[in-house]
Amino acid sequence: RADLASYCLMLGDDALILAQRLTEWVTRAHELEDEVALANTALDLLGQARALLARAGTVDGSGRDEDALAHFRSEDEFRNVRLVELPRGDFGRTVAELLVFSTWRLALLNRLTGSADPVLAAVAAKAVKEVTYHRDYAARWAVRLGDGTEYSAERLHAGLADVLPFAEELFTPHSVEHRLERAGVAVDPAALRREFDEVLDQVCARATATRPEVTPVGTLAGRAGRDGVHTEHFGYLLAEMQSLARSDPEATW
Amino acid sequence: RADLASYCLMLGDDALILAQRLTEWVTRAHELEDEVALANTALDLLGQARALLARAGTVDGSGRDEDALAHFRSEDEFRNVRLVELPRGDFGRTVAELLVFSTWRLALLNRLTGSADPVLAAVAAKAVKEVTYHRDYAARWAVRLGDGTEYSAERLHAGLADVLPFAEELFTPHSVEHRLERAGVAVDPAALRREFDEVLDQVCARATATRPEVTPVGTLAGRAGRDGVHTEHFGYLLAEMQSLARSDPEATW
Amino acid sequence: MSTEEATLGTESELRDHFEDRIARDQRIEPRDWMPSGYRETLVRQIAQHAHSEIIGMQPEGNWLTRAPSLRRKAILLAKVQDEAGHGLYLYSAAETLGVDRSELTDKLVTGRQKYSSIFNYPALTFADIGVIGWLVDGAAIVNQVPLCRASYGPYARAMIRICKEESFHQRQGYELLMTMMSGTAKQRAAVQDATDRWWWPSLMMFGPPDGDSPNTRQSMEWGIKRHTNDELRQKFVDMTVPQAEALGVSPPDSGLVWNPERGHHDFSEPDWAEFRRVLKGGGPCNAQRVERRRAAHEEGAWVREAAAAHAAKQAERGEAAL
Amino acid sequence: MSTEEATLGTESELRDHFEDRIARDQRIEPRDWMPSGYRETLVRQIAQHAHSEIIGMQPEGNWLTRAPSLRRKAILLAKVQDEAGHGLYLYSAAETLGVDRSELTDKLVTGRQKYSSIFNYPALTFADIGVIGWLVDGAAIVNQVPLCRASYGPYARAMIRICKEESFHQRQGYELLMTMMSGTAKQRAAVQDATDRWWWPSLMMFGPPDGDSPNTRQSMEWGIKRHTNDELRQKFVDMTVPQAEALGVSPPDSGLVWNPERGHHDFSEPDWAEFRRVLKGGGPCNAQRVERRRAAHEEGAWVREAAAAHAAKQAERGEAAL
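Set out below in structure tokens:
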């Protein structure tokens, strides 16, 4: 049960933190339609996060609700991958990140619909539709940028070069995932790599972009986001996200 | 005594918040020498803030120390002018802000050395030397930018156009200032305007820059920074600044 | 003009036809003839309304990343997204009148077209989110419900859709305030403070007093305004006072009192000098609001260019658009 | 080479003179002749050292705006400022060898010159600020104290000044940790966690084991390195272990034990594969560190250009520089 709770936090925190970053685009995008699309993506991910955090708080017996988990955990208690906490960057970076993240997550969710845990399976089934749209959106923009102007192709390439070093972490199984995979509950992320590579190569081909060669970003003696070891950027994100909730812990909203 | 405490908060918060903004330049300036100069300015202002907040906490009888005041007050309890809380912007903006702020503050401090309150007088005497340097630094850079390239002249002008609308607030006396001025403790900020205008016009002349015509930024039914009514930017600054202190209020540092 | 002048009468016939439709409360559609004053007034009105939706995203957007609960974050995000949607409907409605959206955006970011002055005030606490829903959306609804019967079809249809969503937003805002009023003392104080700050600007949303509103008559004749500013303001006050009572907050107006003779609330005059100051750029956030949109537009230019370049390449290759 | 070859002997005389000064532990000064290998090695070493000071500002800079007390904020700001100062002394020392600072900056921001790998690890909590002072500055001092006797004068003099300030920083870091260890359980846990994370990278600061450090011998002969990597590492461990005990934290090494026969602590081998990985760009923060400096340099280009343009205008007008 502790493993299941940890696993829900991993997938829930990924969604929560990426939703937070995407939210920063509101009032800042190049076109209203894309502002709506990015807000909608954030809203979908926020919904996934809420379901998964609620499940984690139930399963671990702590009785913590989604808000206790989102707003009153400290940095080292978050289980998201580092990819989702990177600063927003420009639209090319966001497209690259969303492409990488949603390609990986869709592959994962597709398999998770068959999870032995009925709640995870149900969350995954709903999320598959959403993330399919996110991946399509990112892929369409990757093609437009890659096959657009010289400058936009450069920005897409730079975006991929920024985020791909953090992709390694997506495919590195945590001991929790190993154990739950054997129980038929979780997905072994290492198994997602082939599908990920195929999709990414396809999109890059349509975008006339070469996938940049990158050095995976290092861990701290093997520990990374899934172990609560994050980037220097993450503390700022949490300080902002949690500030109001923490300023009056007795408040009801 | 409540008035004196409020006044110390006003001048202390101005210094504290501008120090915080200037600190953001560390590791981000165009040249190491300027990184040092900006850090040094921040350090001077931080020192002034500490002396003034400590005085406020003593005088108001609350026994709050500098850290209680800096890290455990809410947004509406801060008394700084809105000018100092504006986002950092580029170097042209910072030069403009530092020029406006330190020209005003130096005029104020010079008069404050004769305050009937011995602590204020002593703080002012020490700060005069520091702020003289800050003003010189800003003025020298204003001249370099204004009389540098076409682009730098533009950036200086844009910076002045951004910050001058907030200058009005510097010269608007608060009822606390009025009362303390009659007691010989405080300075009437309205009296500083002539000196301010003269210095600014001089610097602009040497910088071959025209001082932009601006509309003063509005108040909320007459209330602004000195009344605890701030900009939308301020909450983010405080969330970051206070996050660690608030995460473990029992901690000793 | 008589039928005898038929050869010269094409325009006057069209005008008669137009005025007849207006008189019979029938809708004008994009392909119908309309007087140039009607068209211009409508374009300006619809564009300002669209701009208001877009700029209005900013004060609320200021709390998106700091919403104190995930449920409130989701509600707020959905609301802000709806506002972008409203902006899009309205720009489309304006485009049926022969203007280009990019032209309107350009006028917004260069300050040549206005948006509702209310959005030049800052959203300083999360209580503001509730009060914006309650008072600002409330006032917007009072303004807009009559426009669901506006004489111009595309505008009226956009308003119907928008009003439906806005009354939903208004209820959500009020519900947030109700929750906060049953919370901590700090929360209750924040609701009162936000009410104090937004009350007068909300009353000013209906525009200057009727005596100072010279265009009202023409707009009412054209059916693109259905009530005077003062009528709408009175309606808003009458509607809002009992809501404030139910909530347990006091509007910041000592002159606010029920007048049984009029069957309406009396209330004090808003500070019209402030209204004019804010309109002319002297509000707390005018520069910030336009600058944010300008920066987004400018920083996003390369993305729009990329999309256009890609579409051109596709067209050249004879491919279907993405 | 004999004195008979005098006509050809100018260079060999100079070399003899150089080697003689080195042998007698006298300093080489900028205008003295020196072998090109000596010059190049020194330039590289000093530049790397300067870059390390500058990049080293980043992990600590990460906590400047969030320091938990104003006193700690002031201390940290002063420290980071000192590091910029150290960078400046060192760049000046390098310039005495005929290179240009802008050239060195260019090599840093394009990744062609290295800095100490330790700064490719993140500063994740405020305890890291203390541990960086204690362990990282501590290791730097062990490395640098012998360099106060380096054979090249400007370098040796810079090191004297730097070492003095760094031992002050080291004491401040240790004092912060002492304070935190007498604080809450959360604070004590943070100190242990930071120690766990920084321990091994600190040991690696002395470079690879002597067997893998081919340049050590030549540098020692030239007097720009005074002890081998392993000697310095041992010295650091021996110095640090009692400090850890006094603090109440445990270094994360089960093999760490006092060896009375050697009169030194035994300790386990650091993970040299990780060391090489980080050196090649695979640390947690390599890209971030270089990118921050590159961005600052690039975004500041217009300011440097403005200063140059103004200086040129002044010179033209015959005015004194500002």
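Protein chains in written order, with my numbering: chain A, 258 to 510; chain B, 258 to 510; chain C, 116 to 437; chain D, 116 to 437. Even for Gly, the Cβ is constructed at its ideal location relative to N, Cα and C.
{"Check": "Beta-carbon proximity list for C/W441, same chain, < 8 Å, skipping 5 on both sides", "Outcome": "Absent from the model: residue 441 of chain C. The displayed extent of chain C is 116 to 437, so no value can be given."}
{"Check": "Cβ shell of D/N374 (< 6 Å), same chain only, five flanking positions each side left out", "Outcome": "D381"}
{"Check": "6 Å CB neighbourhood of C/E119 in its chain, flanking five on each side removed", "Outcome": "Note that C/E119 scores 48 on pLDDT, short of 50, meaning its location in the model is unreliable; the coordinates nonetheless yield the value given after this. Excluding positions up to five away in sequence, the list is empty."}
{"Check": "Residues near D/I137 by beta carbon distance below 6 Å, same chain, minus five either side", "Outcome": "S266 and G338"}
{"Check": "3 or more residues per run - each beta strand (DSSP E) lying fully within the region 343–424 of chain D", "Outcome": "372–374 and 379–381"}
{"Check": "Euclidean distance between Cα positions of B/D445 and B/A296", "Outcome": "30 Å"}
{"Check": "CB contact check: B/L501 to chain D, cutoff 8 Å", "Outcome": "yes"}
{"Check": "For C/Y267, the residue or residues it bridges with in DSSP", "Outcome": "C/I143"}
{"Check": "Nearest to C/K395 (by Cα), restricted to the options C/P385, C/Q228 and C/T310", "Outcome": "C/Q228"}
{"Check": "Contact set between the region 243–264 of chain C and chain B, restricted to residues whose Cβ is under 7 Å from the partner", "Outcome": "none"}
{"Check": "For B/R321, the residue or residues it bridges with in DSSP", "Outcome": "Answer is none; B/R321 lacks a bridge partner."}
{"Check": "Whole-angstrom C-beta distance between B/F423 and B/C339, which should lie under 8 Å", "Outcome": "Reading the sequence as shown, one finds Arg at residue 339 of chain B and not Cys. 5 Å between Cβ atoms; contact."}
{"Check": "Within 8 Å, strictly: CB atoms of B/P375 and B/L421", "Outcome": "no"}
{"Check": "Same chain, Cβ closer than 6 Å to A/G304, five either side skipped, listed in chain order", "Outcome": "none"}
{"Check": "Beta carbon proximity, C/R276 to chain A, threshold 8 Å", "Outcome": "no"}
{"Check": "Short Cβ contact (8 Å threshold) for B/R307 with B/C265", "Outcome": "no"}
{"Check": "Beta-carbon spacing of B/V293, D/G176 below 8 Å", "Outcome": "no"}
{"Check": "Candidates B/A373, B/R412, B/T298 and B/R350: closest to B/E387 by CA position", "Outcome": "B/T298"}
{"Check": "Min CB distance D/P183 to chain B below 8 Å", "Outcome": "yes"}
{"Check": "Residue-chain proximity (A/G320, chain C), Cβ-Cβ < 8 Å", "Outcome": "no"}
{"Check": "CB contact flag (C/G415, A/F348, <8 Å)", "Outcome": "yes"}
{"Check": "As assigned by DSSP and simplified to three states, the class of C/R227", "Outcome": "coil"}
{"Check": "Within 8 Å, strictly: CB atoms of B/A502 and D/T299", "Outcome": "no"}
{"Check": "Cβ neighbours of A/A286 in the same chain (closer than 8 Å, five flanking residues each side left out)", "Outcome": "E292, L295 and F348"}
{"Check": "Cβ pair count under 8 Å reaching 3, the region 330–345 of chain A against the region 478–493 of chain A", "Outcome": "yes"}
{"Check": "Proximal chain A residues relative to D/R312, where beta-carbon distance stays under 7 Å", "Outcome": "L477"}
{"Check": "Residues near C/S117 in its chain [Cβ-Cβ closer than 7 Å; skip 5 each side]", "Outcome": "Summary for C/S117: the model assigns pLDDT 48, below 50, so the residue's position carries little reliability; its value from the coordinates is reported in the next sentence. Around C/S117: no qualifying Cβ."}
{"Check": "8 Å contact criterion, which C/N258 and C/M320 should meet: CB distance rounded", "Outcome": "7 Å"}
{"Check": "Within 7 Å of chain A by C-beta, residues of the region 485–498 of chain B in sequence order", "Outcome": "Y493, A496 and E497"}
{"Check": "Span of the alpha helix (DSSP H) around B/F428", "Outcome": "Here B/F428 belongs to no alpha helix (DSSP H), and DSSP marks it neither H nor E."}
{"Check": "Under 8 Å from the C-beta of C/S297: neighbouring residues of chain A", "Outcome": "T509"}
{"Check": "Beta strand (DSSP E) segments (min. 3 residues) lying fully within the region 393–457 of chain B", "Outcome": "none"}
{"Check": "Neighbourhood of D/M293 by C-beta, 7 Å cutoff - its chain only, sequence neighbours within 5 removed", "Outcome": "L362"}
{"Check": "Paired residues, beta bridge with A/R480 - DSSP", "Outcome": "A/L477"}
{"Check": "Residues near C/I170 in its chain [Cβ-Cβ closer than 6 Å; skip 5 each side]", "Outcome": "Y230, F234 and R404"}
{"Check": "B/D347 (DSSP reduced to helix, strand or coil)", "Outcome": "coil"}
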